[in-house]
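Trainee:
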Amino acid sequence: MKLKRLSVIAAVCSISLTIGLGTAEATVPDAAAALKAGADQGISDGYPGIIGMVRDGAQSQYIQAGVGDRGTGVPADPKAKFRIGSNTKAFTAATVLLLEADGLLSIDDTVAKWLPDAVNANGHDGSKITIRQLLNHTSNLPNYTMNIDGFTTGRVWTPQQLVDGALRKRQPNAQPGEKWEYTNTNYVLAGMIIRAVTGNEPAAEMKTRILDRLGLADTTLPTTDNNIYGNFLRGYYLAGPFILDMTVTNVSATQTAGAMISTLDDLATFQRALVGGTLLPPAQQTELKTTVPTGAGPDYGLGLMRLDTPCGRTAWYHNGVVPGYFSFHLTSEDGAKQVVEANNESHLISGTPGQNHTGAAAVNAFCAL
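As numbered in mature numbering (1 follows the signal peptide of the UniProt record, and there is no 0), residues -26 to -1, 1 to 343 make up the sequence shown, in order.
Below, the structure is given as structure tokens:
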């Protein structure tokens, strides 16, 4: 699995705004209309279905286009569940920060303190890498890369197997902390640290510390069950002339880097609490939003990116890509203004017309709030 996203963000940030900004006329309905226009274009670009929401304070509005199931033709439902991919990373980072707030670890602890033998091959040394460097992607660890076969349900990957596969790819080409490089390996290791510190599975810690606290009843981190239950979008993967149904996918291939399932509402609620400062204590909130330059796009904090939009308003942003699903969110500095969107087709290629059109519309919508 290799999730390339900075080219998508660069395309979003280079757009020319097409709606009035910062005026009394800029309302939630205006923002929803902008998001809907992008969704309609995304359907024309080939997405089966798109759902989205805009929110400003207590006012919210939903949009949809296309279908949630190509077989039945049922419309895409804004209340449906979907796989959120790397939007999982913010949940993982927040869990680690909450453990720090409880005095159970420091994000400046080394990886080796908690996982003595996990990173110790091919020149990589966990005693030189901190948890902070995992969370902000400056560890210099290689990414473990999955092609579509890695997501099939025929085998179960352990976290250490994913890490070992990454370490074999190359020796270090920089010292930890010297440069930014996005890698899912970092967040698999973060999940392993949560387990080592607490003795509990990361899913259990997330549930207790975040999901139950915020009332996120439709959000889960599956560890062995590859299905989605209840009301959900079916996910599709475009493979040449064929469209594969990837709704049932191997969650062990993504784990605490990208295996979570959620909804528009739950993602918005979580991001409002996280970005707005009601989930974390002040010290951890500062750490969350302390960014490093990526060299190719928005600066990266801990599981979130700081996006400077064309209208001058800062958005805290991330997206998530797994086979069959692409989603993203934008949240204002105070957590009040939000845009969340998801579609049910992804074939792990960034910068597609659909991504660019829906992403540009999302920024337009955010700036209209």
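We treat Cβ as the ideally placed atom computed from N, Cα and C, and that holds for glycine.
(1) Please identify the residue among 163, 229 and 128 whose C-alpha is closest to the C-alpha of residue 344.
(2) Measure the CB-CB distance between residue 125 and residue 284 and report whether it falls below 9 Å.
(3) Leaving out five residues on either side along the sequence, give the residues of the same chain with a beta carbon under 8 Å from the beta carbon of residue 165.
(4) At which residues does the alpha helix (DSSP H) containing residue 212 begin and terminate?
(5) If we ignore side chains and look at the alpha-carbon of each, how far apart do residue 182 and residue 169 end up?
(6) Please classify residue 311: does DSSP put it in a helix, a strand, or coil?
(7) Which whole runs of the alpha helix (DSSP H) in the region 198 to 277 are 4 residues long or more, in chain order?
(8) Do you know how far the Cα of residue 342 is from the Cα of residue 1?
(9) Using three-state DSSP, classify residue 70 as helix, strand or coil.
(10) Assuming residue 257 contacts residue 196 under a Cβ cut-off of 8 Å, what Cβ separation, rounded to an integer in Å, is found between them?
(11) What is the DSSP secondary structure of residue 143, counted as helix, strand or coil?
(12) Can you tell me the Cα-Cα spacing of residue 327 and residue 157, whole angstroms?
(13) Give me the residue from 173, 7, 186 and 100 with the minimum Cα distance to residue 138.
(14) Pull up the distance between the alpha-carbon of residue 3 and that of residue 116, whole angstroms please.
(15) Could you name each continuous alpha helix (DSSP H) segment of 4 residues or more that falls completely within the region 160 to 189, going from the start of the chain to the end?
(16) Can you give me the C-alpha to C-alpha distance between residue 27 and residue 254, rounded to a whole angstrom?
(17) Residue 219 to residue 329, Cα distance in whole Å?
(18) Helix, strand or coil for residue 54? Go by DSSP, reduced to three states.
(19) If we ignore side chains and look at the alpha-carbon of each, how far apart do residue 76 and residue 105 end up?
(20) Taking the C-alpha atoms as reference points, what is the distance between residue 260 and residue 310?
(21) Quick check: what's the CA-CA separation for residue 224 versus residue 200?
(22) Please state the DSSP three-state secondary structure of residue 29.
(23) Consult DSSP for residue 280 and reduce its assignment to one of helix, strand or coil.
(24) Buried or exposed for residue 192, going by 16 or more other Cβ atoms inside 10 Å?
(25) Measuring alpha carbon to alpha carbon, tell me which residue in 146, 252, 120 and 42 is nearest residue 113.
Mentor: So, to answer that:
(1) The requested residue 344 does not occur in the structure, where the chain is confined to residues -26 to 343.
(2) Taking the sequence shown and counting its residues from 1, the one referred to as residue 125 is at position 151. Taking the sequence shown and counting its residues from 1, the one referred to as residue 284 is at position 310. Taking 9 Å as the Cβ cut-off, residue 125 and residue 284 do not qualify as a contacting pair.
(3) In the sequence shown, counting from the first residue as 1, residue 165 sits at position 191. Answer for residue 165: 66, 133, 176, 229, 230 and 231, listed in chain order.
(4) Locating residue 212 in the sequence shown gives position 238, counting from the first residue. Counting along the chain, residue 212 falls outside any alpha helix (DSSP H), though it belongs to the beta strand (DSSP E) covering 210 to 213.
(5) Within the sequence shown, numbered from 1, the residue matching residue 182 stands at position 208. Within the sequence shown, numbered from 1, the residue matching residue 169 stands at position 195. About 14 Å.
(6) Here residue 311 is taken as the residue at index 337 of the sequence shown, counted from 1. Looking at residue 311 - three-state DSSP - the assignment turns out to be strand.
(7) Complete alpha helix (DSSP H) runs here, min 4: 229 to 232, 238 to 250 and 256 to 262.
(8) One-based indexing of the sequence shown puts residue 1 at position 27. One-based indexing of the sequence shown puts residue 342 at position 368. Cα-Cα distance, rounded: 7 Å.
(9) As a position in the sequence shown, residue 70 is number 96, starting the count at 1. It is helical.
(10) Residue 257 sits at position 283 when you count from the first residue of the sequence shown. Residue 196 sits at position 222 when you count from the first residue of the sequence shown. Not confirmed; about 32 Å, so no contact.
(11) Along the sequence shown, read from residue 1 onward, the residue named residue 143 stands at position 169. Reduced to three states, the DSSP call for residue 143 is coil.
(12) Here residue 327 is taken as the residue at index 353 of the sequence shown, counted from 1. Here residue 157 is taken as the residue at index 183 of the sequence shown, counted from 1. Between residue 327 and residue 157, the C-alpha separation is close to 25 Å.
(13) Counting from 1 along the sequence shown, the entry for residue 138 is found at position 164. Taking only the C-alpha atoms, the option nearest residue 138 is 100.
(14) As a first step, residue 3 must be located in the sequence shown, where it is residue number 29. As a first step, residue 116 must be located in the sequence shown, where it is residue number 142. Whole-angstrom Cα-Cα distance: 44 Å.
(15) With a minimum length of 4 residues, the continuous alpha helix (DSSP H) runs that stay inside the region 160 to 189 are 176 to 180.
(16) By one-based count along the sequence shown, residue 27 stands at place 53. By one-based count along the sequence shown, residue 254 stands at place 280. A direct Cα-to-Cα measurement between residue 27 and residue 254 gives close to 25 Å.
(17) Here residue 219 refers to the residue found at position 245 when the sequence shown is read from its first residue. Here residue 329 refers to the residue found at position 355 when the sequence shown is read from its first residue. For residue 219 and residue 329, the gap between their C-alpha atoms comes out near 20 Å.
(18) Taking the sequence shown and counting its residues from 1, the one referred to as residue 54 is at position 80. Coil at residue 54, not helix or strand.
(19) For this step, residue 76 is matched to residue 102 along the sequence shown. For this step, residue 105 is matched to residue 131 along the sequence shown. Near 16 Å, if we compare the C-alpha coordinates of residue 105 and residue 76.
(20) Looking up residue 260 in the sequence shown gives position 286. Looking up residue 310 in the sequence shown gives position 336. So the two alpha carbons sit approximately 18 Å from each other.
(21) The count along the sequence shown starts at 1 and reaches residue 224 at position 250. The count along the sequence shown starts at 1 and reaches residue 200 at position 226. Their backbone Cα atoms lie some 6 Å apart in a straight line.
(22) The count along the sequence shown starts at 1 and reaches residue 29 at position 55. Strand.
(23) Indexing the sequence shown from 1 puts residue 280 at position 306. DSSP places residue 280 in strand when its eight states are reduced to three.
(24) The residue given as residue 192 occupies position 218 in the sequence shown. It counts as buried.
(25) If you number the sequence shown from 1, residue 113 lands on position 139. Checked all of 146, 252, 120 and 42; the closest Cα to residue 113 is 146.
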